[in-house]
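Chains A and B, in that order, give the protein sequences.
Numbering-wise (UniProt numbering), the first sequence opens with residue 1 and increments by one.
Numbering-wise (UniProt numbering), the second sequence opens with residue 1 and increments by one.
The C-beta atom is built at its ideal place from N, Cα and C for all residues, glycine as well.
There are 2 protein chains.
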Amino acid sequence: MSNIENKHNANLNRDLFAISLDPAGNTSLQAQLLEALRAIIVTSQNLTGARLPASRILAAELSISRTTVQVVYDQMISEGYLVTRRGSGTYVAHDITHLRSPTPQARPARPVLKPWQPFQTGLPDQSLLPYQTWARQLERAWRTPEPDLLMRPDPLGWYPLREAIADHLAAWRNLHCDPEQVFITSGAWEALEGIFCGLVGSGKTVAVEDPCWPKTHDILRVTGCKIHAVRIDAEGLDAGKIPDDVSAVIVTPSRHYPTGLNLPLSRRTALLDWAKRTGALVIEDDYDSEFRYRGQPLPSLSGLDGRANTIYLGSFSKLVSPALRIGYLVVPIHLLDQIRRHLGRVGPRASLIPQPALATFMQSGEFAIHLRRMRRTYARRQSHLLDALQPVSDLLDLQPDPSGMHLCLSLKPQLARRVSDQEICRRAKKIGLHVGALSDHCVLPDKMQGLLLGYAAFDEQALSEAADRFANLLRSV
Amino acid sequence: MSNIENKHNANLNRDLFAISLDPAGNTSLQAQLLEALRAIIVTSQNLTGARLPASRILAAELSISRTTVQVVYDQMISEGYLVTRRGSGTYVAHDITHLRSPTPQARPARPVLKPWQPFQTGLPDQSLLPYQTWARQLERAWRTPEPDLLMRPDPLGWYPLREAIADHLAAWRNLHCDPEQVFITSGAWEALEGIFCGLVGSGKTVAVEDPCWPKTHDILRVTGCKIHAVRIDAEGLDAGKIPDDVSAVIVTPSRHYPTGLNLPLSRRTALLDWAKRTGALVIEDDYDSEFRYRGQPLPSLSGLDGRANTIYLGSFSKLVSPALRIGYLVVPIHLLDQIRRHLGRVGPRASLIPQPALATFMQSGEFAIHLRRMRRTYARRQSHLLDALQPVSDLLDLQPDPSGMHLCLSLKPQLARRVSDQEICRRAKKIGLHVGALSDHCVLPDKMQGLLLGYAAFDEQALSEAADRFANLLRSV
């Protein structure tokens with residue numbers, strides 16, 4: 001049987017098995033079935049040549065007698081809707097156009113997704129994930145699922161995944177916590193929304209770094225919190241500049257977003273002291289610090305705090321794939337009840353489907369191997385990009401970055417005098433290069449200037465080619 | 001090799017491959033590796049007997065010389081951390097307790113999920129899903145994923161799934177729409193939140209049925225909308241009772257939640273006329289009408305409207321599994337840009353992992369076969385439960401329901417005089433029976449009384465046993 005015939009058969013079965021008949025209806029079961037079957041054949045485009053189920057099977061599916069089905073089939077054969085081939089069954093006739101209602105419009109073509117263009121930020125190179133392993137682990141988890149997978153999904157997440165995350169954080173981030181403190185989310189938006197709605201509360205003020213991830217502002221607005229932006233200096237966020245009446249502060253200590261700055265120990269201690277004194281929550285967004293190329297990965301702020309006042313935010317979007325929609329929170333023990341209540345109320349968002357496979361991926365050590373491999377790859381790509389940009393070293397400050405997935409490059413005076421970062425980005429976009437402007441991440445006056453160039457998702461050839469075009473552009477402005 | 005040894009090896013590799021060394025550090029690479037390896041062995045509980053990777057492999061992983069690794073291994077053998085077995089490699093020593101820091105606490109036991117108890121509502125019988133098929137489709141989708149699966153996930157959802165949903169709605173719900181109008185969400189909460197934030201707007205008033213799904217009130221509060229509850233009558237929601245100044249109304253026309261009432265055609269037409277006149281949005285929550293046991297499934301309200309003003313909400317939580325966290329919206333064409341902007345801003349929540357498998361499940365016809373099978377099963381369970389409750393037919397109004405996954409039973413005067421629905425539920429809970437109170441779904445005064453008994457997730461034996469206990473309880477109050 002051809003694929004097309006297979007598909008037509010499946011379409012027909014889908015529609016037939018959806019028929020409901022009413023034994024107490026105004027017309028006989030036979031009349032109801034006749035009408036329903038006629039409607040299916042007349043309105044569907046993709047049934048030509050499809051084979052009808054044996055009368056015995058359709059009768060069982062619809063809980064009616066086999067005779068009723070046979071009478072209806074015979075009637076439709078005589079009307080020309082169906083044909084019969086001796087010894088082989090009953091089929092939808094090929095030429096029923098004269099029986100059809102006017103043709104519905106053809107379905108539009110599928111939209112084409114825009115490919116990821118250099119130097120877009122925020123995506124890992126998803127082509128390097130070991131999909132064979134990943135697909136096998138998905139298959140194993142769901143072929144004969146553990147009984148707990150068939151219960152109402154726990155809004156807190158799949159427990160073995162929470163365990164695997166606790167192990168990972170201990171090994172990679174010096175963050176020692178109990179799996180009970182780890183909560184699975186569908187990503188940073190849900191996690192922050194949960195913290196603002198469930199722990200901080202509408203109307204309260206939250207301090208953010210300036211510059212920062214622009215969506216933080218959106219989420220704070222949606223949850224009704226007030227925003228207090230604090231401009232970072234050469235060392236990052238200074239706790240001394242945060243007013244005492246804020247209820248929480250969001251910080252990216254291991255790698256400031258988007259500048260890449262690392263918050264020094266003295267500043268970390270000062271921040272934790274400030275939080276202890278004011279009772280404010282510290283929300284540590286640790287979005288990609290596993291990708292550290294030189295030196296030990298820095299311990300997390302939460303690990304330093306003993307997590308008394310610090311909530312840790314992690315995500316698998318950059319470490320594995322954004323297709324997962326899986327992130328997590330690590331919450332201090334004294335806040336567990338409050339966040340559990342909130343998550344119980346809003347219910348689970350993160351799909352349970354990938355969670356057992358991800359837990360196995362982590363516990364088997366494949367995850368660490370993948371991280372290490374990506375770290376080597378990204379380190380190579382970063383230095384490749386820096387080399388490729390050498391021709392414009394008089395225009396851009398080409399500092400290597402010890403970590404991350406993008407470079408944040410300052411404009412040298414010779415370039416900064418002539419043009420703004422936003423203007424460069426606008427012109428780059430016209431030639432298919434997506435460069436980010438640092439100033440787009442600021443809300444305070446006297447916005448910082450800089451260019452964000454993602455390199456993680458592009459191979460060396462693509463980076464060379466894009467860097468050449470970008471250098472030409474910079475020379476021409 | 002035993003499973004335990006395998007696990008220990010994986011743990012060790014995970015930790016080793018996570019080490020970062022700094023060639024520009026204050027100490028030599030050798031000293032750094034020695035310290036890191038010592039720390040791993042001393043702090044980890046689960047490495048006893050684990051085999052270390054060959055020096056060649058670890059050297060390649062850490063980008064250092066093989067000699068450095070070999071010197072460190074030798075040093076640690078002499079210190080007693082490692083042992084070597086001739087011709088077989090280097091292992092973590094068995095007796096290193098004297099070298100360890102104080103033992104960290106053992107991990108607590110995994111919490112046990114509470115099994116689903118009769119007569120809890122809202123869950124399908126997940127044990128009846130064809131997991132072999134489902135697991136195979138997951139594996140196929142991700143073994144060699146289509147290029148589009150490796151791009152940034154589309155916040156609107158995986159296009160072939162949107163197509164499959166459009167086909168399903170045409171066949172089952174008489175709702176004809178373009179796949180562009182279908183948006184994938186992580187479920188009803190996200191869908192409603194998206195409508196209230198993205199289309200209705202904070203501060204506006206939304207009308208809800210009384211009784212209704214209690215979380216609707218939570219979502220409206222979180223999004224800053226005002227609530228106007230309208231008590232339903234024997235025919236359901238009466239559009240004449242909705243004030244003209246509300247911006248939207250949420251309605252469950254095919255099967256009122258939780259009473260099961262079907263909104264008659266005259267009321268539907270009146271509601272659409274009202275919406276046309278006032279310009280208000282109608283949000284049709286169609287959560288389980290595929291499970292209709294007698295008569296044709298009723299066409300959706302959105303299908304009747306031509307969707308001019310009606311947004312349709314669907315979900316796979318009850319039709320397939322709540323583990324998916326996949327639901328959807330169907331939005332009228334004139335609102336597409338607005339909802340796209342909103343979804344683009346908040347980003348995707350629904351995991352991409354199950355979406356291609358679900359699309360295949362639907363397009364292959366397996367989904368329709370599953371629905372039909374569940375429909376037969378649930379119909380059988382409902383009549384079984386009604387039979388089992390016959391002994392208390394003097395206390396409860398045992399009307400069969402032509403659709404749904406739970407019964408909403410009125411209290412007969414003899415019972416209603418003695419006790420409230422909430423009191424019955426409290427007492428039932430004490431004997432492990434989860435019965436819902438209709439009054440808990442009301443906010444207006446003079447709350448309606450009734451009992452909600454879910455039957456879909458329980459087999460006949462469980463239903464008989466639970467019905468017996470419940471009948472005894474009712475006799476005793």
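Going by C-alpha positions, residue 223/A is about 36 Å away from residue 421/B. Here the C-alpha atom of residue 241/B lies approximately 28 Å from the C-alpha atom of residue 399/B. Annotation: residue 197/A is outside any alpha helix (DSSP H) and is labelled neither H nor E by DSSP.
Chain-ordered, the chain A residues with CB closer than 9 Å to the CB of residue 13/B read 365, 368, 369. In this structure residue 179/A touches residue 163/A by the C-beta definition: roughly 4 Å separates them, less than 8 Å. Taking 7 Å as the cut-off between beta carbons, the residues of the region 196–214 of chain A near chain B are 197, in sequence order. Taking 8 Å as the threshold, the shortest C-beta distance from residue 328/B to chain A does not fall below it.
If only complete runs of 3 or more residues are kept, the region 393–428 of chain A shows the beta strand (DSSP E) at 406–411, in order along the chain. For residue 284/A, the pairing in a beta bridge is given by DSSP as 251/A, 312/A.
The alpha carbon of residue 54/A has as its nearest neighbour, out of 404/A, 456/A, 87/A, the alpha carbon of 87/A. When DSSP states are grouped into helix, strand and coil, residue 291/A belongs to the coil group. Between residue 372/B and residue 351/B, the C-beta spacing is not below 8 Å. Under the criterion of beta carbons closer than 8 Å, residue 438/B and residue 211/B qualify as touching, at roughly 6 Å.
Between the region 162–177 of chain B and the region 378–392 of chain B, the count of C-beta pairs closer than 8 Å stays below three; the two stretches do not touch. According to DSSP, residue 230/B shares a beta bridge with 209/B. Within the region 458–475 of chain A, no residue places its CB atom closer than 9 Å to a CB of chain B. Cβ-Cβ distances below 8 Å link residue 336/A to 180, 181 in the same chain, with the five nearest sequence neighbours on each side left out; the list follows chain order.
At a Cβ-Cβ threshold of 8 Å, residue 246/A and residue 217/A do not count as neighbours. For residue 414/A, the closest of 395/A, 52/A, 407/A by C-alpha to C-alpha distance is 395/A. With respect to the C-alpha of residue 232/A, the residue from 447/A, 31/A, 453/A, 71/A having the closest C-alpha is 447/A.
Contact check for residue 291/A and residue 404/A: beta-carbon distance about 6 Å, within the 8 Å limit, so the pair qualifies. Assigned with DSSP and collapsed to three states, residue 474/B falls in helix. Residues of chain B whose Cβ lies closer than 8 Å to the Cβ of residue 274/A do not exist, since the nearest Cβ in that chain is about 30 Å away. A Cβ-Cβ contact shorter than 8 Å links residue 239/B with residue 271/B. Comparing alpha-carbon positions, the option among 319/B, 333/B, 334/B lying closest to residue 327/B turns out to be 319/B. Look at the beta carbons and you see the region 351–360 of chain B touching the region 141–157 of chain B: at least three pairs across the two are nearer than 8 Å.
Contact of residue 250/B with chain A by beta-carbon distance below 9 Å is absent, the smallest such distance being about 17 Å.
Interface with chain B (8 Å Cβ-Cβ cutoff): residue 132/A is included.
Residue 185/B carries a strand assignment under DSSP once its states are collapsed to helix, strand and coil. Of 456/B, 46/B, 442/B, the smallest CA-CA separation from residue 450/B is found for 442/B.
Measuring C-alpha to C-alpha distances from residue 150/A to each of 160/B, 416/B, 321/B identifies 321/B as the nearest. Look at residue 151/A: its C-beta is under 8 Å from a C-beta on chain B.
Here residue 12/A really is in contact with residue 47/A; their C-beta atoms are around 5 Å apart, less than 8 Å. Among the residues of chain A, those whose CB is under 9 Å from the CB of residue 159/B are 110, 111, 113, following chain order. Between residue 346/B and chain A, the shortest Cβ-Cβ separation is below 8 Å.
Chain order gives the chain B residues near residue 144/A as 131, 132, 135, where near means a beta carbon separation below 9 Å.
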